[in-house]
Amino acid sequence: MPNYDPQHFGFSTRAIHAGQEPDPLTGAVTVPLYQTSTYAQEGIGQHKGFEYARTQNPTRFAWEASMANLEQGCAGFAFGSGMAAIDAVMRLLSSGDHVICAEDMYGGTFRLFDKVLKRYGIEFSVVDMTNHDAVKSAIQPGKTTMIYTESPTNPMMKLTDITALASIAHDAHSLLIVDNTFASPYAQKPITLGADIVLHSATKYLGGHSDLVSGIVVAKEEHIADQLRFIQNAAGAVPGPMECWLCLRSIKTLSVRMKQHEENAKAIAAFCSQHPAIQATHYPGLPTHPQHVLAKQQMTGFGGMISIELGSLEKAKAFTTSVKLFTLAESLGGVESLVCHPVSMTHGSIPKEQRERLGITEGLVRLSVGIEDKEDLMTDIANALDAIS
Ligand SMILES: *Cc1c(COP(=O)(O)O)cnc(C)c1O
Numbered sequence: 005m006p007n008y009d010p011q012h013f014g015f016s017t018r019a020i021h022a023g024q025e026p027d028p029l030t031g032a033v034t035v036p037l038y039q040t041s042t043y044a045q046e047g048i049g050q051h052k053g054f055e056y057a058r059t060q061n062p063t064r065f066a067w068e069a070s071m072a073n074l075e076q077g078c079a080g081f082a083f084g085s086g087m088a089a090i091d092a093v094m095r096l097l098s099s100g101d102h103v104i105c106a107e108d109m110y111g112g113t114f115r116l117f118d119k120v121l122k123r124y125g126i127e128f129s130v131v132d133m134t135n136h137d138a139v140k141s142a143i144q145p146g147k148t149t150m151i152y153t154e155s156p157t158n159p160m161m162k163l164t165d166i167t168a169l170a171s172i173a174h175d176a177h178s179l180l181i182v183d184n185t186f187a188s189p190y191a192q193k194p195i196t197l198g199a200d201i202v203l204h205s206a207t208k209y210l211g212g213h214s215d216l217v218s219g220i221v222v223a224k225e226e227h228i229a230d231q232l233r234f235i236q237n238a239a240g241a242v243p244g245p246m247e248c249w250l251c252l253r254s255i256k257t258l259s260v261r262m263k264q265h266e267e268n269a270k271a272i273a274a275f276c277s278q279h280p281a282i283q284a285t286h287y288p289g290l291p292t293h294p295q296h297v298l299a300k301q302q303m304t305g306f307g308g309m310i311s312i313e314l315g316s317l318e319k320a321k322a323f324t325t326s327v328k329l330f331t332l333a334e335s336l337g338g339v340e341s342l343v344c345h346p347v348s349m350t351h352g353s354i355p356k357e358q359r360e361r362l363g364i365t366e367g368l369v370r371l372s373v374g375i376e377d378k379e380d381l382m383t384d385i386a387n388a389l390d391a392i393s
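Each residue of the sequence shown is one higher than the last, beginning at 5 in this note's numbering.
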């Protein structure tokens with residue numbers, strides 16, 4: 005079996021082969037779907053390492069090994085959704101712990117922290133992660149055990165300097181957790197920048213076809229992996245084998261999909277940034293993005309997510325129904341282009357003052373640029389902008 009160390013093979017090669025060797029029993033080139041809940045034992049205590057499928061499933065193990073390799077961590081843990089993955093990571097905490105989290109997180113993550121985890125005696129400080137002094141002054145020595153961030157953020161496409169935050173976190177004996185959903189490991193590998201745990205909603209770019217809900221966590225070091233393995237089995241929010249099998253199918257094309265998402269998004273962002281009906285275009289690949297230099301340093305791609313400011317609720321509403329190729333829907337990262345209105349859809353649970361401070365206005369529209377022909381997507385946007393102005 006070749007050594008799929010990143011020193012030996014590139015990302016695309018590893019996405020196809022790491023964790024996905026031909027099946028030793030039959031030679032099947034595709035990892036089999038082990039749709040089973042339990043395993044026959046030869047005698048009491050005599051088994052092949054597989055007892056019960058919440059604890060062990062070969063299809064899930066293959067998917068976890070694949071992601072551990074791509075994110076360059078020591079082990080991966082799959083969950084039934086991105087939120088279940090985040091919830092499992094938060095179970096590393098104890099009552100009385102303090103967490104510093106980004107002010108512009110995914111709305112569902114904010115809701116989990118604010119409405120569920122606070123009740124268990126976990127404290128949160130919500131800060132602007134680009135303001136390193138604010139992060140440092142939020143630290144409560146001995147109590148702050150975790151810094152939690154996303155980069156790029158949803159929907160303003162702000163970046164977190166992962167290397168800088170990792171050093172702030174480690175100076176305070178805290179863990180740095182990065183939600184890498186928007187970039188995917190193709191475009192960013194937080195563990196190589198110093199993060200301790202990276203997690204994803206696999207529902208998005210990893211799954212990539214808008215046909216599954218799943219989540220994955222990768223740990224950098226073994227002692228954290230041991231705790232996550234225990235939590236995954238003890239709390240039990242595992243995905244079914246079918247989701248793992250679909251994720252394995254999808255991960256093989258992650259590179260080609262991400263290349264096309266990015267090529268299309270770059271062209272669309274350039275077009276939008278020149279269009280008179282659009283007041284602002286947020287995309288880290290644009291030279292005008294305030295953190296474009298950081299994006300080039302810490303990312304190996306810019307992804308396929310763009311937000312545009314149309315100026316008013318009326319225009320945003322009209323735009324979302326005038327586009328024909330962009331489907332109005334929640335979610336992102338699939339091969340088909342989607343449009344969404346964060347204020348009324350994904351970010352409904354963020355308090356109004358916080359939303360406005362972040363620039364998540366009623367006129368803001370988010371595009372998940374798919375892998376259709378970019379000329380068709382640009383014509384569609386141009387026609388919709390004509391129709392609303
Ligand atoms: C969608 C999303 C989540 C939640 O994932 P689910 O699979 O929907 O549970 C978490 N973080 C980010 C950045 C997301 O986009």
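Cβ coordinates follow ideal geometry from the N, Cα and C atoms, glycine included.
Counting C-beta atoms within 10 angstroms of its own C-beta, A106 has 16 or more neighbours from the protein chains shown and is therefore classed as buried. A residue is called buried when at least 16 other Cβ atoms come within 10 angstroms of its Cβ; H204 meets this threshold and is buried. Sequence-distant partners of S393 (beyond 5 residues in either direction) whose C-beta falls short of 6 Å from its own C-beta, in its chain, are A281. DSSP places Q50 within a strand segment (E or B) once states are collapsed to three. The C-alpha of A72 is placed about 25 Å away from the C-alpha of M161.
The nearest non-hydrogen atom of ligand 1 is less than 7 Å from the C-beta of Y110. DSSP places C251 within a helical segment (H, G or I) once states are collapsed to three.
When DSSP states are grouped into helix, strand and coil, S141 belongs to the helix group. Here DSSP, grouped into helix, strand and coil, assigns V131 to strand. For the set G315, S341, C248 and V217, the Cα lying nearest the Cα of A269 is the one of S341. Under the three-state reduction of DSSP, D377 is assigned to coil, being neither helix nor strand.
The beta carbon of K140 sits closer than 7 Å to the beta carbons of I172 from its chain, once the five residues preceding and following it are set aside; these are given in chain order. Secondary structure remark: continuous alpha helix (DSSP H) runs of at least 4 residues inside the segment 49-132, in chain order: 62-74, 86-94 and 111-115. The segment 299-310 makes contact with the segment 144-164: 3 or more CB pairs, one atom from each, lie closer than 8 Å. For V222, DSSP records a beta bridge to G80 and V202. With a threshold of 16 other beta carbon atoms within 10 Å, P6 falls short and is exposed.
For E247, same chain residues with a beta-carbon under 7 Å away, outside a window of 5 residues either side, are L216 and S218 in chain order. The three-state reading of DSSP puts D215 in coil, since its state is none of H, G, I, E or B. Counting of Cβ neighbours within 10 angstroms places T34 among the exposed residues, the total staying below 16. Collapsing the DSSP output to three states places Y152 in a strand. Annotation for M87 indicates a beta carbon within 7 Å of some heavy atom of ligand 1. Counting along the chain, the unbroken alpha helix (DSSP H) around H265 starts and ends at L258 to Q278.
Looking at the backbone, the Cα of S129 and that of V297 are separated by about 28 Å. In this structure S99 is exposed. Its beta-carbon is surrounded by fewer than 16 other beta-carbon atoms within 10 angstroms.
Per the DSSP secondary-structure output, V369 pairs in a beta bridge with I312. As far as DSSP is concerned, V339 takes part in no beta bridge. Taking C-beta separations shorter than 7 Å and ignoring five residues to either side along the sequence, the partners of L197 in its chain run I166, T167, A170 and Q302, following chain order.
Under the criterion of beta carbons closer than 8 Å, T365 and V343 do not qualify as touching, at roughly 16 Å. Annotated three-state conformation of I20 is helix, per DSSP.
Buried is the label assigned to L179, since at least 16 other Cβ atoms lie within 10 Å of its Cβ.
Distances from the CB of K162 to the heavy atoms of ligand 1 are all 7 Å or more. When rounded, the separation of the alpha-carbon atoms in G86 and L250 is 15 Å. Across the structure, N237 and K319 are spaced so that their CA atoms are roughly 48 Å apart.
The secondary-structure analysis by DSSP pairs V182 across a beta bridge with T153 and V202. For the set A273, I235, G307 and A284, the Cα lying nearest the Cα of E266 is the one of G307.
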